[in-house]
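The structure is reproduced here in structure tokens:
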């Protein structure tokens with residue numbers, strides 16, 4: 128199969144997949160055509176044909192792709208992502224249903240992010256949105272950050288109407304609660320202290336889905352995803368049509384809201400701990416336009432680790448194979464290990480085996496705190512190039528490999544921990560940094576920044592000492608913290 132034929136098939140497969148998602152897989156003919164196209168793309172030796180340089184230093188560590196905790200099928204059928212972080216200083220689709228009108232404020236903020244004030248100054252306060260929602264999906268995930276004043280009662284979750292919850296999380300006094308509705312909500316645990324989140328704030332994540340018995344349940348995470356804090360039965364969850372904010376006592380602030388068919392909170396014990404933003408590796412709500420270059424700036428402000436080559440910070444680009452499957456093939460990575468003695472070890476993963484190949488040595492290079500790195504993964508007709516420019520020390524690292532593949536269709540970034548080889552607790556590996564200025568160059572030559580409605584958050588076995596803040600649209604990036 129020629130490069131031209133493969134590229135044409137890939138474009139057709141991508142467009143076909145998008146059409147399937149929009150029609151919710153209702154056309155049998157379309158399913159058959161898409162399946163044939165995808166089989167041809169995936170089975171082609173050109174789909175992922177790379178050659179790893181023989182002189183590259185390799186590590187025994189493995190940078191595994193993001194792996195869904197449940198079957199990838201529900202996520203692949205996902206059809207919406209509602210993101211509300213109030214950066215615009217507007218209500219962003221929220222409408223007042225009852226009580227005092229909601230207000231976007233900066234007096235109480237979440238890492239600099241504005242928040243939605245919900246107050247009972249005029250009785251129970253309810254806000255509602257249906258923006259971007261597609262109903263009837265069997266898997267929906269959501270997150271919210273809540274800061275409640277003492278003795279307040281506040282909820283966030285899915286609703287079957289403007290006033291009726293079907294799955295919620297919230298705070299009641301000093302406790303986190305969850306349930307189908309306010310009257311059935313039960314205490315999960317006290318609001319945690321000593322986490323990486325700002326004082327007063329609690330970060331809640333939930334996955335709502337139909338289990339193997341056919342019942343709808345909700346997994347709830349509190350300030351972490353290392354373990355599920357609670358499993359709650361939510362029998363009416365599939366009747367959701369939107370999301371609700373409700374405050375029944377005192378005042379509360381809400382922000383960092385995401386509701387999506389994309390899986391946000393993931394727990395896979397023993398897997399590499401990760402958290403970051405983006406889509407791919409079988410978890411997709413939508414595809415990016417086909418692109419040939421991914422670039423980002425990475426700032427590493429400070430770090431402290433007891434062991435080399437365990438904690439890393441990286442960007443990933445995936446072609447059609449890497450986008451639609453959780454696989455090492457077609458999954459290209461570029462990043463740095465956060466090492467001891469003020470060192471960073473730059474590396475790349477060539478899209479075949481998930482193993483990092485180092486530009487220098489495993490020990491890495493000496494670079495000062497606050498170092499700024501320019502990272503780019505780009506492909507041309509016969510080569511794929513990894514490029515890192517340490518803008519503080521003027522050191523440049525580049526590696527071209529043979530590549531007879533197709534363009535990229537997805538991307539995500541992450542901080543990643545290697546539990547296989549760590550000799551110390553995960554909390555001993557500390558980093559404060561950021562990734563920003565993320566953009567792609569499409570196959571038509573257009574430069575596009577990556578927006579928050581594509582860069583969706585995910586947390587895989589993330590401890591409460593980690594916090595990825597929120598994705599800032601104006602900087603096309605986010606801050607990352609491991610304390």
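In the numbering used here, the protein residues as written are 128 to 610.
Just so you know, even glycine gets a beta-carbon here, dropped at the ideal spot from N, CA and C.
* Is residue 274 closer than 9 Å to residue 320 when the C-beta atoms are compared? -> Residue 320 sits at position 193 when you count from the first residue of the chain shown. Residue 274 sits at position 147 when you count from the first residue of the chain shown. With respect to the 9 Å criterion, residue 320 and residue 274 are not classified as neighbours on the basis of their beta carbons.
Worksheet item: Is it true that the segment 377-389 meets the segment 497-512, where meeting means three or more beta-carbon pairs spaced less than 8 Å apart?
Response: Segments in contact, no.
- Message: Suppose the cutoff is 7 Å on Cβ atoms and the five residues either side in sequence are ignored; what does the same chain contact list for residue 600 look like?
- Response: Counted from its first residue, the chain shown places residue 600 at position 473. Excluding residues within five positions, the ones whose Cβ falls inside 7 Å are 214, 578, 579.
Please classify residue 443 as buried or exposed, where buried requires at least 16 neighbouring CB atoms within 10 angstroms. Residue 443 sits at position 316 when you count from the first residue of the chain shown. Counting every other CB atom within 10 Å of its CB across the protein chains shown gives residue 443 a total of 16 or more, marking it as buried.
* Is there contact between the segment 352-361 and the segment 293-312, where contact requires at least three CB pairs shorter than 8 Å? -> Yes: the two stretches touch, three or more of their Cβ pairs being nearer than 8 Å.
For this session: May I have the straight-line CA-CA distance separating residue 216 from residue 598, to the nearest angstrom?
Result: As a working note, residue 216 is residue 89 in the chain shown. As a working note, residue 598 is residue 471 in the chain shown. For residue 216 and residue 598, the distance between alpha carbons rounds to 15 Å.
Which of helix, strand or coil DSSP assigns to residue 149:
One-based indexing of the chain shown puts residue 149 at position 22. Unreliable positioning characterises residue 149 in this predicted model, as indicated by a pLDDT of 36, which lies under 50. The coordinate reading is nonetheless provided below. In the structure shown, residue 149 sits in a helix (DSSP, three-state: H, G or I).
Checklist entry - From the DSSP output, which residues share a beta bridge with residue 445? => result For the purposes of this step, residue 445 is identified with residue 318 of the chain shown, where counting begins at 1. In DSSP, residue 445 forms a bridge with 458, 537.
- Query: Looking at residue 573 and residue 416, is the spacing between their C-beta atoms short of 9 Å?
  - Reply: Position 289 of the chain shown holds residue 416. Position 446 of the chain shown holds residue 573. In terms of Cβ geometry, residue 416 and residue 573 form a close pair [threshold 9 Å].
Item to complete: Assign residue 552 to buried or exposed, taking buried as 16 or more other Cβ atoms, counted over all protein chains shown, within 10 Å of its Cβ.
Response: As a working note, residue 552 is residue 425 in the chain shown. With fewer than 16 other Cβ atoms within 10 Å, it is exposed.
For this session: Can you say whether residue 249 is buried or exposed, counting buried as having 16 or more other CB atoms within 10 angstroms of its CB?
Result: Taking the first residue of the chain shown as 1, we reach residue 249 at position 122. Under this definition residue 249 is an exposed residue.
Nearest by alpha-carbon distance to residue 374: which of 445, 282, 256 is it?
Here residue 374 is taken as the residue at index 247 of the chain shown, counted from 1. When only C-alpha atoms are compared, the closest one is 282.
Worksheet entry | Nearest-angstrom beta carbon gap, residue 403 and residue 565 [assumed within contact, 8 Å] | In the chain shown, counting from the first residue as 1, residue 565 sits at position 438. In the chain shown, counting from the first residue as 1, residue 403 sits at position 276. About 11 Å separates the two Cβ atoms, so there is no contact after all.
Practice item. Please work out which residues of its chain come closer than 8 Å, Cβ to Cβ, to residue 286, disregarding the five sequence neighbours upstream and downstream, and give them in chain order. Key: The count along the chain shown starts at 1 and reaches residue 286 at position 159. Contacts found: 255, 292, 293, 367, 368, 369, 370, 371.
Let's see if you can read the secondary structure: which residues bound the beta strand (DSSP E) around residue 430? Taking the first residue of the chain shown as position 1, residue 430 is located at position 303. Counting along the chain, the beta strand (DSSP E) containing residue 430 begins and ends at 418-431.
Is the segment 433-447 in contact with the segment 532-539, if contact means three or more CB pairs nearer than 8 Å?
They touch, by the three-pair rule.
Less than 9 Å between the C-beta atoms of residue 268 and residue 349, yes or no? Locating residue 268 in the chain shown gives position 141, counting from the first residue. Locating residue 349 in the chain shown gives position 222, counting from the first residue. Against a cut-off of 9 Å, the Cβ pair of residue 349 and residue 268 comes out as no contact.
#### Entry: the segment 394-408 contacting the segment 582-592, beta-carbon criterion three pairs below 8 Å
They touch, by the three-pair rule.
Original post:
Which term fits residue 187, buried or exposed, when burial requires 16 or more other beta carbons within 10 angstroms of its beta carbon?
Top reply: Here the question's residue 187 lines up with position 60 in the chain shown. Exposed, by the Cβ-count rule.
(message) For residue 428, tell me which candidate among 435, 497, 364 has the shortest Cα-Cα distance.
(response) Taking the chain shown and counting its residues from 1, one reaches residue 428 at position 301. The residue with the shortest Cα to Cα distance from residue 428 is 497.
What number of angstroms, rounded off, separates the C-alpha of residue 203 from the C-alpha of residue 520? The residue given as residue 203 occupies position 76 in the chain shown. The residue given as residue 520 occupies position 393 in the chain shown. Reliability of the predicted coordinates at residue 203 is poor, the pLDDT of 45 falling under 50, and the value obtained from them is presented with this limitation in mind. Distance between the alpha carbons of residue 203 and residue 520: 43 Å.
- Message: Shorter than 8 Å, the distance from the beta carbon of residue 270 to the closest heavy atom of the ligand ZN, or not?
- Response: Absent from the structure shown: the ligand ZN. Ligands present: none.
- prompt: Buried or exposed: residue 530, going by 16 or more other Cβ atoms within 10 Å of its Cβ?
  reply: Numbered from 1 along the chain shown, position 403 holds the residue referred to as residue 530. Buried, by the Cβ-count rule.
Following the continuous beta strand (DSSP E) through residue 306, name the residue where it begins and the one where it ends.
-> Taking the first residue of the chain shown as position 1, residue 306 is located at position 179. From DSSP, the beta strand (DSSP E) with residue 306 extends over 302-306.
message = So, at 7 Å on beta carbons, what are the nonlocal neighbours of residue 318 in its own chain, with the 5 sequence-adjacent residues on each side left out?
response = Numbered from its first residue, the chain shown carries residue 318 at position 191. These residues qualify, in order along the chain: 298, 301, 302, 303, 329.
- Along the chain, which unbroken stretches of the beta strand (DSSP E) at least 3 residues long are found entirely within the segment 256-290? Runs of the beta strand (DSSP E) inside the segment 256-290: 266-275, 280-286.
If I measure Cβ to Cβ from residue 561 and keep anything under 7 Å in the same chain, skipping five residues before and after, which residues do I get?
Taking the first residue of the chain shown as 1, we reach residue 561 at position 434. For residue 561, where only same-chain residues beyond five positions count, the Cβ hits under 7 Å are 426, 604, 605, 606, 607.
Item to check | C-beta contact flag for residue 511 and residue 478 at 9 Å | outcome: Along the chain shown, read from residue 1 onward, the residue named residue 511 stands at position 384. Along the chain shown, read from residue 1 onward, the residue named residue 478 stands at position 351. Taking 9 Å as the cut-off, the beta carbon of residue 511 is found closer than this to the beta carbon of residue 478.
Inset, instruction - Since I believe residue 331 is in contact with residue 271 (beta carbons under 8 Å), could you give me their beta-carbon distance rounded to a whole number of angstroms? - result: Counting from one through the chain shown, the residue named residue 271 turns up at place 144. Counting from one through the chain shown, the residue named residue 331 turns up at place 204. Confirmed, Cβ separation roughly 6 Å.
Where residue 525 and residue 486 are concerned, what is the direct C-alpha to C-alpha distance, given to the nearest angstrom?
On the chain shown, residue 525 is found 398 positions in, with the first residue counted as 1. On the chain shown, residue 486 is found 359 positions in, with the first residue counted as 1. Here the alpha carbon of residue 525 sits roughly 8 Å from the alpha carbon of residue 486.
Leaving out five residues on either side along the sequence, give the residues of the same chain with a beta carbon under 7 Å from the beta carbon of residue 395. Here the question's residue 395 lines up with position 268 in the chain shown. The beta carbon of residue 395 is closer than 7 Å to those of 194, 196, 587, 588 in its chain, skipping five residues each way along the sequence.
| task | Quick one: grab the DSSP three-state call for residue 582. | result | The sequence position of residue 582 within the chain shown is 455, counting from 1. Looking at residue 582 - three-state DSSP - the assignment turns out to be coil, as it is neither helix nor strand.
### Distance between beta carbons of residue 252 and residue 225, contact taken as under 8 Å
Start at 1 with the first residue of the chain shown, and residue 225 comes out as number 98. Start at 1 with the first residue of the chain shown, and residue 252 comes out as number 125. Their Cβ separation, rounded to whole angstroms, is 7 Å, which keeps residue 225 and residue 252 in contact under 8 Å.
* Taking all protein chains shown into account, do 16 or more other C-beta atoms lie within 10 angstroms of the C-beta of residue 547, making it buried, or fewer, making it exposed? -> Along the chain shown, one-based indexing puts residue 547 at 420. Under this definition residue 547 is an exposed residue.
- Tell me whether residue 423 is buried or exposed, calling it buried when 16 or more other Cβ atoms sit within 10 Å of its Cβ. Start at 1 with the first residue of the chain shown, and residue 423 comes out as number 296. Label assigned to residue 423: buried.
- Ends of the beta strand (DSSP E) at residue 404? Numbered from 1 along the chain shown, position 277 holds the residue referred to as residue 404. For residue 404, the enclosing beta strand (DSSP E) has its first and last residue at 400-406.
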